[in-house]
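Everything on this sheet refers to the single structure shown next.
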Amino acid sequence: MTGRIDNARTHTDGLPQGVKNPVDGADADHAAGGGVQVILAEPRGFCAGVDRAIEIVERALQKFGRPIYVRHEIVHNTYVVNDLKAKGAIFIEDLADVPPGATLVFSAHGVSKAVQQEAAQRGFHVFDATCPLVTKVHIEVAKLAKEGYEFIMIGHKGHPEVEGTMGQLDHGIHLVEDVADVAQVQPAQTQRLALVTQTTLSTDDAAEIAAAVKARFPSVREPKQQDICYATQNRQDAIKFMTPQVDVVIVVGSPTSSNSNRLAELARKRGVPSFMVDSPDELQPQWLAGKRRVGLTAGASAPEILVRQVIDRIKSLGVVSVRKMDGIEETVKFPLPKGLKLDTKGLKLDSKELKPDAQRSD
Ligand code: SF4
0 MTGRIDNART HTDGLPQGVK NPVDGADADH AAGGGVQVIL AEPRGFCAGV DRAIEIVERA
60 LQKFGRPIYV RHEIVHNTYV VNDLKAKGAI FIEDLADVPP GATLVFSAHG VSKAVQQEAA
120 QRGFHVFDAT CPLVTKVHIE VAKLAKEGYE FIMIGHKGHP EVEGTMGQLD HGIHLVEDVA
180 DVAQVQPAQT QRLALVTQTT LSTDDAAEIA AAVKARFPSV REPKQQDICY ATQNRQDAIK
240 FMTPQVDVVI VVGSPTSSNS NRLAELARKR GVPSFMVDSP DELQPQWLAG KRRVGLTAGA
300 SAPEILVRQV IDRIKSLGVV SVRKMDGIEE TVKFPLPKGL KLDTKGLKLD SKELKPDAQR
360 SD
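Just so we're aligned, residue 0 is where the sequence shown starts under numbering that gives the first Met the number 0, counting upward by one.
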């Protein structure tokens, strides 16, 4: 799609070591004999939920024209948000700031029932860019609540995903941020308790807190599949694989990005200094002073174009080669909501697509 935020990686990302890598035009193993080397984490950057959310806003702009209103940052990345603002998106927090009849997109983090109801009452054309893996948690909460369950949610207070998930219910969902919080939780009953987690937590921290919940409430019901998503898990696993090989880790990601912060934190816990950069000019030369191997990764909301710009900046500081780490190739893709398919001209909306029931997220 023209103007689409570019997250494409070079085809050679999958090349075996030793094959000439056009990331920098250098032999991938060149630095083994000396010089400073960047080691690129795999996987890194955009996940399927972020890709889908951005595409929803871009397609809505194409089909309906500007402005398109977006509740909260569509994903937590400054570059992405500024790019979409330039294309005609207006980011708001309060639905009162959206004019009647406007098209509104919910961000990838999801929204509470109250926000959904207010949007419906105000009569907006709504497209829901909530990541399907967050929606899965919402559905599970609603289903178990009908069976009489109360919930303990592991997450970060104030994060929009946590507000959205807790806001699926009027009451009976209790937030714990750390092990100490677990002792303070006061559910009304303990026979029917279920555990849910924010999707972008540290897997290790979440496991520790979940263990404390289970120790206090042995019959607590755990999700069939863990709520922490595949993208968060894979990027953290890549950091664990990378840290023994590098002297410093640079994480491309915005300060508001939960999963980016967890990557930097994880590297530090493993004894490797780590720094987050929202843009290439934030990279400080002293971070690389005396370092031979520089690990580079990106949070799930950070586009590959920023990674390329950071590589250029690091190269300007004397790095001689860039090598991709081995890692999992992600193939997950989520379908777009109905109502955003392009017609043959790619511009006009099929009137059938405006039916309210066609605007739900798939
Ligand atoms: S980080 Fe995970 S939960 Fe969040 S948008 Fe990406 S895939 Fe979905």
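Where is the CB? At the ideal position from N, CA and C, for every residue including glycine.
Residue range of the unbroken alpha helix (DSSP H) whose run includes residue i
i, result
"Lys-135", "131 to 145"
"Glu-117", "112 to 120"
"Ser-257", "257 to 268"
"Lys-84", "77 to 86"
"Ser-315", "303 to 315"
"Arg-215", "202 to 215"
"Asp-127", "Careful: Asp-127 lies outside any alpha helix (DSSP H), inside the beta strand (DSSP E) at 124 to 127."
"Leu-60", "47 to 63"
"Leu-287", "284 to 287"
"Arg-234", "229 to 241"
"Thr-363", "Here the chain has residues from 0 to 361 only, and residue 363 is not among them."
Buried or exposed (CB count within 10 angstroms, at least 16 for buried), residue i
i, result
"Ile-4", "buried"
"Asn-233", "buried"
"Val-212", "buried"
"Ser-273", "buried"
"Glu-162", "buried"
"Ala-31", "At Ala-31, the pLDDT of 40 sits below 50, so the modelled position is not reliable; the number obtained from the coordinates is stated separately. So Ala-31 ends up on the exposed side."
"Thr-189", "exposed"
"Ser-315", "exposed"
"Ala-88", "buried"
"Asp-82", "buried"
"Asp-325", "exposed"
"Pro-159", "buried"
Top-ranked residue by Cα proximity to residue i, from the options
i, options, result
"Cys-228", "Val-212, Ala-297 and Cys-130", "Cys-130"
"Gly-252", "Ala-40, Val-136, Gly-44 and Gln-36", "Gly-44"
"Gly-147", "His-170, Val-37 and Lys-323", "His-170"
"Ala-206", "Val-321, His-158, Glu-176 and Gly-48", "Glu-176"
"Ala-182", "Val-140, Lys-145, Ala-209 and Cys-46", "Ala-209"
"Asp-277", "Ala-297, Val-140 and Phe-216", "Ala-297"
"Arg-95", "Ala-187, Arg-70 and Ile-249", "Note on residue identity: the sequence assigns Ala, not Arg, to residue 95. Checked all of Ala-187, Arg-70 and Ile-249; the closest Cα to Ala-95 is Arg-70."
"Lys-156", "Glu-149, Leu-143, Ala-144 and Ile-172", "Ile-172"
"Pro-99", "Lys-86, Val-110, Ile-67 and Asp-82", "Ile-67"
"Ala-187", "Phe-216, Pro-159 and Leu-200", "Phe-216"
"Ala-144", "Leu-168, Ile-304 and Arg-307", "Leu-168"
"Arg-220", "Arg-261, Ser-106 and Phe-150", "Phe-150"
Contact under 8 Å by Cβ, residue i with residue j
i, j, result
"Ile-388", "Gln-197", "Absent from the structure is residue 388, since the part of the chain shown begins at 0 and ends at 361."
"Val-293", "Val-245", "yes"
"Ile-55", "Phe-126", "yes"
"Lys-112", "Gly-166", "yes"
"Leu-335", "Arg-121", "no"
"Leu-282", "Arg-312", "yes"
"Pro-279", "Val-79", "no"
"Thr-202", "Ala-299", "no"
"Val-247", "Met-241", "no"
"Val-136", "Asp-226", "yes"
"Ala-263", "Glu-41", "no"
"Ala-47", "Lys-337", "no"
"Val-195", "Pro-222", "yes"
Delimiting residues of the beta strand (DSSP E) encompassing residue i
i, result
"Tyr-68", "67 to 70"
"Val-181", "It is not in any beta strand (DSSP E) - Val-181 instead sits in the alpha helix (DSSP H) that spans 178 to 181."
"Arg-43", "Run containing Arg-43: none; DSSP gives neither H nor E here."
"Ile-4", "Careful: Ile-4 lies outside any beta strand (DSSP E) and carries neither H nor E."
"Thr-196", "192 to 196"
"Arg-292", "292 to 297"
Quick test of the definition: if touching needs 3 or more C-beta pairs under 8 Å, does the region 252 to 264 touch the region 61 to 76?
Taking 8 Å as the limit for Cβ pairs, the verdict is that the region 61 to 76 does touch the region 252 to 264.
How do the region 53 to 67 and the region 284 to 293 stand: do at least 3 beta-carbon pairs fall below 8 Å, yes or no?
Using a C-beta cut-off of 8 Å, the region 53 to 67 makes no contact with the region 284 to 293, since fewer than three inter-stretch Cβ pairs fall below that distance.
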